[in-house]
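Right, one structure below, let's go through it.
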Amino acid sequence: MTGLSSEDDSNQSSLDDIAQTPAHQIQSSDAGRPINPSSVDVSQEPNPSQNQRIFLSDENKLEAPDAQTGFSINSSTKLRFYPADSSEQRSQVVLARFAQVFDQTWEAPQQRKPGAYGTIPLVLNDSVEKNLEYFQYGIHERFQSYLDRFHHYQDLVEPVFRELGLPPELMYLSLVESGFNPRAFSRSRASGPWQFMKGTGRVYGLDVDWYLDERRDPIKSTVAAAHHLRDLYDQFGSWPLALGAYNAGSGKISRAIKKTGTRDFWTIRQSRHIRRETKDYVPRFIAATLIAQNPTAYGFSTPDGDRHEFEEVLITKRVHLSAVTQQTGIPVEELQRLNPELRRSIVPSLTGPGYYLKVPLGTASLVEEL
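Just so we're aligned, residue 31 is where the sequence shown starts under my numbering, counting upward by one.
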């Protein structure tokens, strides 16, 4: 995970100069002035199991599995996703789909404990303030575009962290990694909104081959990132250290702890045992988070615009997106936008159930005729 990158070199200035979002209570300390973030809000809806069928009616309300109207999220045909009226409905819809698609990686906790993974200490120190100023005055328009793009995907991203009992602020790490750009690609060959290297992505169930790069899938890569961050927290017991390890690798952080004799990130940061990029990474995340939580307080506009909406169709044969366009009239560019993981504009012929192609709302029935 290598700081901000982009699919073209013109936007590849890794956010070595950058930062993150809002403040409430402040007190002095050597490591900074801690800001008391809101407590972790973990939704209480039941976890959908892999065999559970959840139906969404025309009134956008979850109904019992024996409902006669609506459709099945855990069916072999399609998923319809659009922002529901409540965050609880969104969580159930999105996570029910995870139970089906990510059976090899998605392990919903049997009993979620609110705050089990603590809160992230959002301190305000000179490094954080420097990054805040850079976001505000150095790359204001670009960072506004990051906020707007993240807003487009937020209804898909936020439920993942809440369902795992993780601090929801972690979702803003994607602003630092890529500005939540699914097609971001770094010089070190990290890819996708969460900037996974190929090897790490595969560990967390993200396939990369000639046809697919699932590091670019907004949903799958978010699930993988949440699991990776949870594993790092389990290893280090500290969010600043876990975030540093997300950037530098757990081995480098472990060695830095051993050499400095401390587990305090801000003390380690003063040493020569971690790179400058990693030293700046946590302050950058905090600055981006502060802005994302309260953009108008930092001179940014409240993100607005369309949410990420789609239906899914199960495709069981190899087909070029141009053939889908010919059959349905859906522009190839729209299919590519909804399916950024497709590297060749070809739906591959996969073993197992097939490939779930995302299409605009209201068009799934047209694609099913292929």
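We put the CB at the ideal spot given by N, CA and C, even for glycine.
Between Arg293 and the set Arg306, Val190, Ser268 and Val312, the nearest pair of CA atoms involves Ser268. Rounded to whole angstroms, the gap between the alpha carbons of Arg245 and Ser208 is 12 Å. A straight line joining the alpha-carbon of Gly359 with that of Lys309 spans about 50 Å. With contacts defined as CB atoms closer than 9 Å, Leu262 and Ile287 fail to qualify as a contacting pair. Per the Cβ contact rule, the segment 340-358 is not in contact with the segment 218-226 (fewer than 3 Cβ pairs under 8 Å). Per the C-alpha coordinates, the member of Leu236, Gly195, Phe173 and Gln300 positioned closest to Asn211 is Phe173.
In the DSSP secondary-structure assignment, Lys388 is bridged to Glu342. In the three-state reduction of the DSSP assignment, Ser375 falls in the coil class, being assigned neither a helical nor a strand state.
Per DSSP, Val153 lies in no alpha helix (DSSP H); the unbroken beta strand (DSSP E) holding it starts and ends at Leu152 to Leu154. Around Glu371, the same chain offers Leu242, Asp243, Glu244, Arg246 and Asp247 as residues with beta carbons nearer than 7 Å, after the five sequence neighbours per side are excluded. A direct Cα-Cα distance of roughly 22 Å separates Ser157 from Pro197. Taking the C-beta atoms as reference points, Arg314 is found no nearer than 9 Å to Asn155. Setting aside the 5 residues that flank it on each side, Leu400 is surrounded in the same chain by Gln357, each with a C-beta closer than 6 Å to its C-beta; the list follows chain order. Setting aside the 5 residues that flank it on each side, His257 is surrounded in the same chain by Tyr234, each with a C-beta closer than 6 Å to its C-beta; the list follows chain order. Annotated as proximal: Arg337 and His182, with beta-carbon spacing under 9 Å. Within the same chain, and ignoring the five residues on either side of Asp178 in sequence, the residues whose Cβ sits closer than 7 Å to its Cβ are Pro333 and Gly335. For Ser301, the CB contacts under 6 Å within the same chain, skipping 5 residues up- and downstream, are Thr290 in chain order. Tyr311 has its alpha-carbon roughly 22 Å from the corresponding atom of Phe330. Around the beta carbon of Lys388, a 10 Å sphere encloses 16 or more other beta carbons of the protein chains shown; the residue is thus reported as buried.
Short of 7 Å from the beta carbon of Glu188, and not among the five residues preceding or following it, lie these beta carbons of its own chain, in chain order: Pro198 and Met201.
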